[in-house]
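Residue numbers (the numbering used here), protein chains in the order written: chain A, 310 to 711; chain B, 1258 to 1442. Take a look at the structure below.
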């Protein structure tokens, strides 16, 4: 990639910015004129604000958008699922930014800004370097994991849930330079929903593979992932496909998610427009393969952004099934806040088009601590040890960055 | 109008779309029943859902109130809900079917479907009907070809029908045909 003096200056400053992967490169957003910290009481105002975006469509259409994330708890509360008091770091429930400068990083770099003097908007502060002060520790050991696993297996037999994801967290004490970490990650693991946020008091580095919502005009697509296979010397994409296809456990888990996402889309789509556009294909990553499907529908008229978000979030494939009952089981079990994990990052623009991912495969650094959360599914044929290990494979490419 | 009672399942809206091919569909949560709308419906559908029939006394009350007066269809949990109210016992099964495709066969007892006809269907259930089960009116009309588990019931007199499998699943090959049979019954 070409070096650009403005970008270099930006990376080495302390200025907040966001990078989001797009098909043929990256979009970078900065010079935020608004930063909205979300909580249960102002979320409806935020949705009102989004509607105004449409009314006052300015000449600066390229930056007339909000970009940021909804945390897990906020998404639960939006669908009236309560989360009991948990151990948490008091990280905001959601943050959205309105950018004034957008940089398209492709073969060439194009910079557009609604501000005249954007090239000079830098403070004389220097970015953080990555410093590791303690090694990564897991918050749930194999024995506790087995306990939780067995409890959930019981609920599966009782029919209270058909699939549920146990979340474990790796944590260390550190400060990180998210920019160099992100580009390093993109060299080895540029997944379709990768993103990075650097702000003054926190940063996030993510190689999320999963598109939860892609809305363009009246059409909406979701691409759920269910199924993970570890890469070895002997695997390739074709072998991975035949592994998934012939593995009854993976197939059933995937089927369930496909029907679930069809139903979520059916809440907001016109009758009989919800179609599986691509059933069961394999995506390849540095350490693993994923089993993916794509489902598309045509949205009903007169829906609000909130209608779409509450129908689809939190994303079913990262929670389990059925959604409400499984969320309640999860929330009663988990002692530590999921924070941004299994929330959603993305943007909403002045056309009310949007793109959101499921926040997984993500490092969040806040208050001198880095956290990587992972989860894998308990279905009827899974075993505690295998799922515990699957969690580690998922965290590996991120832990290796340190 | 079809009144679809949602037991907060993550498959209910697939069923809504399938039913919409035949009539207007109104969906509500099982704990937020619109009494006027349900009284004006031609068909009441009990959706699938987590847990057991005992967990949904509201739905049992609706079943008793409208039995014999309106056509009723139960899917998965809804199927079990009907049997539970017809003195059936719903028990756990050893092998659990979540996201499983099975072949099922129509029995001679069926009025709606041709005996010996077979379908590939999608299943999501950890519970099943305890057998033997005897009822004069509620007849078992389909079974899993592999395990013999009850997959459908018909009560011709009261027009009450149920499927243990999910006609709306993408795993079910003849979902439309199956629902059409119920609507025209």
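By construction, the Cβ of each residue, glycine as well, lies at the ideal position given by its N, Cα and C atoms. Values in this document were obtained by computation on a predicted structure and should not be read as measured data.
Would you mind sorting residue 404 of chain A into buried or exposed? The rule is 16 or more other CB atoms within 10 Å of its CB.
Sequence index remark: in the first chain, residue 404 of chain A carries index 95 (1-based). By the neighbour-count rule (16 or more Cβ atoms within 10 Å), residue 404 of chain A is buried.
Which two residues bound the contiguous beta strand (DSSP E) that contains residue 336 of chain A?
Position 27 of the first chain, counted from the first residue, corresponds to residue 336 of chain A. Counting along the chain, the beta strand (DSSP E) containing residue 336 of chain A begins and ends at 334–346.
Among the candidates A/433, A/467, A/552 and A/382, whose CA atom is the shortest distance from the CA of residue 641 of chain A?
Locating residue 641 of chain A in the first chain gives position 332, counting from the first residue. For the residues A/433, A/467, A/552 and A/382, the minimum Cα distance to residue 641 of chain A belongs to A/382.
Of all the options B/1340, B/1287 and B/1417, which has the alpha carbon lying nearest to the alpha carbon of residue 1388 of chain B?
To locate residue 1388 of chain B, count along the second chain from 1; it is residue 131. For residue 1388 of chain B, the nearest C-alpha among the options comes from B/1340.
Does DSSP classify residue 678 of chain A as helix, strand or coil?
Mapped onto the first chain, residue 678 of chain A falls at position 369. Residue 678 of chain A falls in the strand class under three-state DSSP.
Using a C-beta cutoff of 7 Å, does residue 533 of chain A count as contacting chain B?
The residue given as residue 533 of chain A occupies position 224 in the first chain. So, not an interface residue.
Would you say residue 1353 of chain B faces chain A, with C-beta separation under 7 Å as the test?
Sequence index remark: in the second chain, residue 1353 of chain B carries index 96 (1-based). Yes, because at least one Cβ of chain A sits closer than 7 Å to the Cβ of residue 1353 of chain B.
Could you confirm whether any beta carbon from chain A is found closer than 7 Å to the beta carbon of residue 1254 of chain B?
As displayed, chain B neither begins before 1258 nor continues past 1442, which places residue 1254 of chain B out of reach and without an answer.
Would residue 626 of chain A pass as an interface residue toward chain B - the criterion being a Cβ-Cβ separation below 7 Å?
As a first step, residue 626 of chain A must be located in the first chain, where it is residue number 317. Chain B contact via Cβ: absent.
Once DSSP output is grouped into helix, strand and coil, what is the label at residue 630 of chain A?
Residue mapping note: residue 630 of chain A aligns to position 321 of the first chain, counting from 1. Residue 630 of chain A falls in the strand class under three-state DSSP.
Name the chain B residues that come within less than 9 Å of residue 568 of chain A, Cβ to Cβ?
Position 259 of the first chain, counted from the start, is the residue given in the question as residue 568 of chain A. The answer, in chain order, is 1267, 1268, 1271, 1356, 1379, 1381, 1423, 1425, 1426, 1427 and 1428.
Can you list, in chain order, the residues of its chain with a C-beta nearer than 8 Å to that of residue 625 of chain A? Leave out the 5 residues immediately preceding and following it.
Here residue 625 of chain A is taken as the residue at index 316 of the first chain, counted from 1. Excluding positions up to five away in sequence, the list reads 533, 566, 569, 570, 573 and 632.
Residue 482 of chain A to residue 442 of chain A, Cα distance in whole Å?
Here residue 482 of chain A refers to the residue found at position 173 when the first chain is read from its first residue. Here residue 442 of chain A refers to the residue found at position 133 when the first chain is read from its first residue. Roughly 5 Å separates the two Cα atoms.
Would DSSP call residue 1375 of chain B helix, strand or coil?
What you label residue 1375 of chain B is simply residue 118 of the second chain in a count that begins at 1. Residue 1375 of chain B falls in the strand class under three-state DSSP.
Report the residue from A/386, A/431, A/347 and A/351 whose alpha carbon sits nearest the alpha carbon of residue 339 of chain A.
As a first step, residue 339 of chain A must be located in the first chain, where it is residue number 30. Considering only alpha carbons, the answer is A/431.
Which value, in whole angstroms, describes the spacing of the CA atoms of residue 707 of chain A and residue 449 of chain A?
As a first step, residue 707 of chain A must be located in the first chain, where it is residue number 398. As a first step, residue 449 of chain A must be located in the first chain, where it is residue number 140. Going by the C-alpha atoms only, they are around 18 Å apart.
Which whole-angstrom value is the C-beta distance of residue 1355 of chain B and residue 600 of chain A, which I expect to be below 8 Å?
Here residue 1355 of chain B refers to the residue found at position 98 of the second chain. Here residue 600 of chain A refers to the residue found at position 291 of the first chain. Their Cβ separation, rounded to whole angstroms, is 16 Å, which puts residue 1355 of chain B and residue 600 of chain A out of contact at 8 Å.
Say whether chain A places a C-beta atom closer than 7 Å to the C-beta of residue 1331 of chain B.
As a working note, residue 1331 of chain B is residue 74 in the second chain. Closer than 7 Å: no.
Any C-beta of chain A within less than 8 Å: which residues of the stretch 1300–1312 of chain B qualify?
Going along the stretch 1300–1312 of chain B in chain order, one finds 1306, 1307, 1308 and 1309 with a Cβ nearer than 8 Å to chain A.
Which bits of chain B does residue 472 of chain A rub up against, with CB to CB less than 9 Å?
Within the first chain, residue 472 of chain A is the residue found at index 163, counting from 1. Going along chain B in sequence order, the residues near residue 472 of chain A (Cβ under 9 Å) are 1355 and 1356.
Relative to chain B, which residues along the stretch 497–511 of chain A have a C-beta separation below 9 Å, given in chain order?
Listed by position along the chain: nothing, the set is empty.
Considering just the uninterrupted stretch of the beta strand (DSSP E) at residue 606 of chain A, what are its terminal residues?
Start at 1 with the first residue of the first chain, and residue 606 of chain A comes out as number 297. Counting along the chain, the beta strand (DSSP E) containing residue 606 of chain A begins and ends at 597–607.
Pairs of beta-carbons, one from the stretch 393–403 of chain A and one from the stretch 372–382 of chain A, closer than 8 Å: are there three or more?
Cβ pair count under 8 Å is three or more, so yes.
Does the separation of the CB atoms of residue 576 of chain A and residue 620 of chain A fall below 7 Å?
Looking up residue 576 of chain A in the first chain gives position 267. Looking up residue 620 of chain A in the first chain gives position 311. Result yes, Cβ atoms of residue 576 of chain A and residue 620 of chain A sit closer than 7 Å.
Skipping 5 residues on each side, what residues in its chain have a beta carbon closer than 8 Å to that of residue 438 of chain A?
Counting from 1 along the first chain, the entry for residue 438 of chain A is found at position 129. 484 and 486, listed in sequence order.
Any beta carbon from chain A within less than 7 Å of residue 1349 of chain B's own beta carbon?
Position 92 of the second chain holds residue 1349 of chain B. Yes, residue 1349 of chain B counts as interfacial toward chain A.
Using the Cβ count rule (16 or more neighbours within 10 Å means buried), how would you classify residue 588 of chain A?
In the first chain, the residue the question calls residue 588 of chain A occupies position 279. Under this definition residue 588 of chain A is an exposed residue.
Can you list, in chain order, the residues of the stretch 628–640 of chain A whose Cβ is nearer than 7 Å to any Cβ on chain B?
Listed by position along the chain: 630, 631, 632, 633 and 634.
Check this for me: beta carbons of residue 477 of chain A and residue 683 of chain A, under 7 Å apart or not?
If you number the first chain from 1, residue 477 of chain A lands on position 168. If you number the first chain from 1, residue 683 of chain A lands on position 374. Cβ atoms of residue 477 of chain A and residue 683 of chain A: closer than 7 Å.
For the stretch 547–567 of chain A, which residues have a beta carbon sitting closer than 9 Å to at least one beta carbon of chain B?
Here the close residues are 557, 560, 561, 562, 563, 564, 565, 566 and 567.
Looking at the strands, I want to know which residues DSSP matches up with residue 1263 of chain B.
Within the second chain, numbered from 1, the residue matching residue 1263 of chain B stands at position 6. Answer is B/1286, bridged to residue 1263 of chain B.
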